[in-house]
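A.B. asks: Let me give you the structure first, and then I'll get to my questions.
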Amino acid sequence: MMNKQKESKRTFIKLSAGILTGTLIATSGLFSVMAPARKWSLSLTALPDNVAEAILMVTRHIFPHKKLEDAVYALVVKDLDNAASKDPAMKKLLIDGVAMINKKANNNNWLSENYQDQNTIILSIVNSDFFEKIRGTSIVSLYNNDMAWAHFGYEGASYEKGGYLNRGFQDLTWLPEPPHNISPPKYK
Amino acid sequence: MKNINLNDRNTVVIIGSGAGGGTLANELCQQGVKVVLLEAGKKQSTKTFVNDEWKSFSQLAWLDNRSTSGGWRVGKDFPNLPAWICKTVGGTTTHWAGASLRIQAHEFKALSTYGSIKGANLLDWPITLDDLDPYYDLAENKMGVTRTNGIPGLPGNNNFKVMYSGAKKLGYKKCNTGRMAINSQPRDGRGSCQQLGFCFQGCKMGAKWSTLYTEIPAAMATGNLELRAGCHVMKIKHNDKGLADGVLYADEHGRKKLQKARVVCVAGNSIETPRLLLNSATKMFPNGLANSSDQVGRNYMRHTTGSVYATFDKPVRMWRGTAMAGIIQDEAKHDPSRGFVGGYELETVSLGLPFMAAFFNPGSWGEKFTNALDNYENMAGLWIVGEDLPQESNRITLHPSDKDQHGLPVPNVHFDDHPNDKKMREHAFEQGTKLYQAVGAKDTYRVPPYPSTHNLGTCRMSLYPKDGVCNKHGQSHDIKNLFISDGSQFTTSAAENPTLTIVALAIRQAKFIANQLSTKII
């Protein structure tokens, strides 16, 4: 299992009919959020499997966080799949977009290209509606979920935990402490 | 709560329940004046506020459609969201960060101090700092501003520690945790700040002053207030003598109602206030109410802003604690040797991960973007708040074809930076960058302005009716029982966060209106 986890994350995406699945990397900080589950799956309602898989990878090219799990990128696919299920024009935009990048690739298969060649093709379509739709969706979907927060270290809601008054709002120690007339002690 | 009849002609109607309208309502009620307070948004509470940026945004922000034009970056990035202000009881006092600064004496005299500047429509305020100081005193006491009235300053968070170390290295002398309308200790029946870090999302501790849970309940307690939430005012009506006599509004179910009034006070923020006056045009007032000067909607100011974020090789976790945790005031002076008139404040700012992604560099993508966010834990940030110059062409107008849910033309917000604004922003960006580099920043980032939270000047006060919309009491020059009661009154923007001044002006205006009512002048 450990050997497998060192392989490219791409091999962890398994497609069965209408479902996009993957497995979390063992070293990922996401276990705290996902535990005990290690496998993730996404049921597709509108997009064909190959289109969904390509879109996940396109998203990785647009927002290339090297250590961020596919499970988080899959949330972008989920939101786009949702949009496509409600709007035929959106579905067409996404399917046509994947067809467009396939056409620019060898063997009409963008996903089978190496990363650099994939990237060159993506850079040639940055002014397309397809690119902008994925970018615009990602800017919210990719960063507005518990898994992303765990990955980037953001702690989310604090009220339920009593805020940070006694939980590290002043725990930075690599700079000198400001004097009390500048930054008074906290109220007790 | 008092029930005030729709046909009661003896009531004061206030439109908008934020810093201006909410305060004015309470001050009038305390003096025995009957008030109907109309608020377009719904009522939330410290219980219903959410520690979640996007959810809170849907709950509190003004999301009715607006359009934009002009060369400003906000118009490109957020063409239908020029301002980040609120549609809820308490208005933008639910969202503000709490910075409470007095405008400086010279800033009230912008034209005299800076001289005439090409392209700018500068004017001195018809009041001075001396006129307003007694009301600033009252406002600071009311709001519980730290470092006034014997109230200690707030403790600074990690983000402030970075700012402070950088400020010292740059030789700045005026850096501390600021004057904040956030309880550093329990006061006025409200608890102290627990450093939640969600100041922009409505303070769930109620430690930050908001009219929602201070002024409005206090006004209720007098028995003189009726608050009507979910009521969007469509038109101000007038009689054949040219005096305001009521307002037409859509209630929470969309039913149209006419509330009669003896006095009408508009406090809808600097986009909605002029929009309402323009939408109220009649045969007698074909250019809109109170607009004989043609200044309604003009001189829109939004402060010269921008942010600098920096990443370090060790954690900062800037989201922990107050968003505005500290300030540097050394650059707030007027010193033309820097190449621009007026000055700017530097204040810490932080955004949660979702909003950092959305606002970091709107429209961007790729490795530069992801590298910055990969270092989110190690990031510190500051916000620039500088004086921007009034320009006649920066203005709110009615859209020629787009209508809102009530069938009213939506407002268009046109803005171009003045060359002075650009020079100031560049100077502030450089200082902010140097500050973080002085404490070992790995990378620094210049972040463009967010949708405007400080919206000012669109119904400005002026000594002479030809130069502005209202007089030194916010009373419109043209219609003596029609008042402007929000930041639209500002003659110039000054460098300071505007809320304290809006509150001070509201207290002053309430005294004036109560006097005018009791002496039957209006």
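The listed protein sequences derive, respectively, from chains A and B.
Those letters in the first sequence? Residues 107 to 294, by our numbering.
Those letters in the second sequence? Residues 12 to 533, by our numbering.
Positions of the beta carbon are idealized from the N, C-alpha and C atoms, including for glycine.
For Leu39 (chain B) and Ile513 (chain B), which I take to be in contact (beta-carbon distance under 8 Å), what is that distance rounded to the nearest angstrom?
C.D. replies: Not really, about 16 Å apart at Cβ, beyond 8 Å.
A.B. asks: Distance check for Glu151 (chain B) and Ala72 (chain B), CA to CA, integer angstroms please.
C.D. replies: For Ala72 (chain B) and Glu151 (chain B), the distance between alpha carbons rounds to 26 Å.
A.B. asks: If you draw a straight line from the alpha carbon of Phe380 (chain B) to that of Phe169 (chain A), how long is it in whole angstroms?
C.D. replies: Their backbone Cα atoms lie some 8 Å apart in a straight line.
A.B. asks: Using DSSP with H/G/I as helix, E/B as strand and the rest coil, what is Phe89 (chain B)?
C.D. replies: Phe89 (chain B) falls in the coil class under three-state DSSP.
A.B. asks: Which of the three DSSP states is assigned to Asp413 (chain B) in this structure?
C.D. replies: In the structure shown, Asp413 (chain B) sits in a strand (DSSP, three-state: E or B).
A.B. asks: Can you give the Cα-Cα distance for Arg20 (chain B) and Arg273 (chain B), rounded to whole angstroms?
C.D. replies: Their backbone Cα atoms lie some 6 Å apart in a straight line.
A.B. asks: Excluding the 5 residues preceding and the 5 following Leu362 (chain B) in the sequence, name in chain order all residues of the same chain whose CB lies nearer than 7 Å to its CB.
C.D. replies: For Leu362 (chain B), where only same-chain residues beyond five positions count, the Cβ hits under 7 Å are Phe370.
A.B. asks: Strictly below 7 Å CB to CB, what residues from chain B border Ala263 (chain A)?
C.D. replies: Under the 7 Å cutoff, chain B gives Asn62, Asp63.
A.B. asks: Would a C-beta distance cut-off of 8 Å place Leu409 (chain B) and Pro430 (chain B) closer than the cut-off?
C.D. replies: Contact: no.
A.B. asks: Under 8 Å, Cβ to Cβ, is there at least one residue of chain B near Leu271 (chain A)?
C.D. replies: Yes - at least one Cβ of chain B is within 8 Å of the one on Leu271 (chain A).
A.B. asks: Check whether chain B comes within 8 Å of Ile231 (chain A), counting only Cβ atoms and requiring the distance to be less than that.
C.D. replies: Answer no: the Cβ-Cβ gap between Ile231 (chain A) and chain B never drops below 8 Å.
A.B. asks: Would you mind telling me which residues of chain B sit closer than 8 Å to Leu162 (chain A), beta carbon to beta carbon, in chain order?
C.D. replies: Within 8 Å Cβ-Cβ: nothing; Leu162 (chain A) doesn't reach chain B, min ~16 Å.
A.B. asks: Who pairs with His264 (chain B) in a beta bridge, going by DSSP?
C.D. replies: Note: His264 (chain B) sits in no beta bridge, so no partner.
A.B. asks: Would a check of beta-carbon distances place Met108 (chain A) closer than 8 Å to chain B?
C.D. replies: A caution first: Met108 (chain A) carries a pLDDT of 35, below 50, which makes its placement in the model unreliable, though a value can still be read off. Taking Cβ atoms only, chain B never reaches closer than 8 Å to Met108 (chain A), which makes this a no.
A.B. asks: When burial is assigned at 16 or more other CB atoms within 10 Å of the CB, is Thr103 (chain B) buried or exposed?
C.D. replies: By the neighbour-count rule (16 or more Cβ atoms within 10 Å), Thr103 (chain B) is buried.
A.B. asks: Where does Ile26 (chain B) land, buried or exposed, given buried means 16+ other C-beta within 10 angstroms?
C.D. replies: Result: buried.
A.B. asks: What would DSSP say about Lys522 (chain B), mapped onto helix, strand or coil?
C.D. replies: In this structure, Lys522 (chain B) counts as helix in the three-state DSSP scheme.
A.B. asks: DSSP puts His249 (chain B) in a beta bridge; with which residues?
C.D. replies: His249 (chain B) is bridged to B:Ala255.
A.B. asks: Cα-Cα, which of A:Thr129, A:Lys209, A:Ala189 is closest to Arg144 (chain A)?
C.D. replies: If we check each option's Cα against that of Arg144 (chain A), A:Thr129 comes out closest.
A.B. asks: In whole angstroms, what is the alpha-carbon distance linking Met108 (chain A) and Gly374 (chain B)?
C.D. replies: Confidence is the limiting factor: at Met108 (chain A) the pLDDT is only 35, short of 50, which leaves the residue's position unreliable and the question unanswerable from this model.
A.B. asks: So, with DSSP's three-state summary, where would you put Ser463 (chain B)?
C.D. replies: Ser463 (chain B): strand per DSSP, three-state reduction.
A.B. asks: Are the C-beta atoms of Leu281 (chain A) and some chain B residue less than 8 Å apart?
C.D. replies: So, interface residue.
A.B. asks: Is the separation between the beta-carbon of His438 (chain B) and that of Asn508 (chain B) shorter than 8 Å?
C.D. replies: For His438 (chain B) and Asn508 (chain B), no; Cβs fall outside 8 Å.
A.B. asks: So what's Leu236 (chain B) in DSSP terms, helix, strand or just coil?
C.D. replies: Looking at Leu236 (chain B) - three-state DSSP - the assignment turns out to be strand.
A.B. asks: In whole angstroms, what is the alpha-carbon distance linking Asn18 (chain B) and His249 (chain B)?
C.D. replies: Cα-Cα distance, rounded: 14 Å.
A.B. asks: So Gly242 (chain A) is in the alpha helix (DSSP H); what residue range does that whole segment cover?
C.D. replies: That run of the alpha helix (DSSP H) goes 235 to 247.
A.B. asks: Of the residues B:Cys210, B:Cys186, B:Lys184, which one's Cα is nearest the Cα of Ala192 (chain B)?
C.D. replies: When only C-alpha atoms are compared, the closest one is B:Cys210.
A.B. asks: Cβ of Ile168 (chain A) less than 8 Å from any chain B Cβ?
C.D. replies: Yes, contact with chain B.
A.B. asks: From this set, A:Asp252, A:Glu283, A:Ala180, which residue's C-alpha is nearest Tyr260 (chain A)'s C-alpha?
C.D. replies: The candidate whose alpha carbon is nearest that of Tyr260 (chain A) is A:Asp252.
A.B. asks: With three or more beta-carbon pairs closer than 8 Å as the criterion, would you say the region 45 to 57 of chain B touches the region 89 to 100 of chain B?
C.D. replies: These segments touch.
A.B. asks: Quick one, are the C-beta atoms of Ala598 (chain B) and Gln42 (chain B) less than 8 Å apart?
C.D. replies: Look at the range of chain B in this structure, 12 to 533, and you will see that residue 598 (chain B) is not part of it.
A.B. asks: Hey, is Ser529 (chain B)'s beta-carbon within less than 8 Å of any beta-carbon in chain A?
C.D. replies: No - not a single Cβ of chain A is within 8 Å of the one on Ser529 (chain B).
A.B. asks: Who are the neighbours of Phe236 (chain A) on chain B, taking C-beta pairs under 7 Å?
C.D. replies: Ordered by position in chain B, no residue passes the 7 Å Cβ test against Phe236 (chain A), which lies about 14 Å from the chain.
A.B. asks: Who are the neighbours of Asp176 (chain A) on chain B, taking C-beta pairs under 7 Å?
C.D. replies: Under the 7 Å cutoff, chain B gives no residues; its nearest Cβ is about 15 Å from Asp176 (chain A).
A.B. asks: Taking C-beta pairs closer than 9 Å, name the residues in chain B that Leu278 (chain A) reaches, listed in chain order.
C.D. replies: The contacting residues are Asn168, Asn169, Asn170, Lys172, Val173, Lys325, Pro326, Val327, Arg328.
A.B. asks: Residues of chain B with a CB under 7 Å from the CB of Tyr249 (chain A): which are they?
C.D. replies: Correct list: Leu364, Pro365, Ala368.
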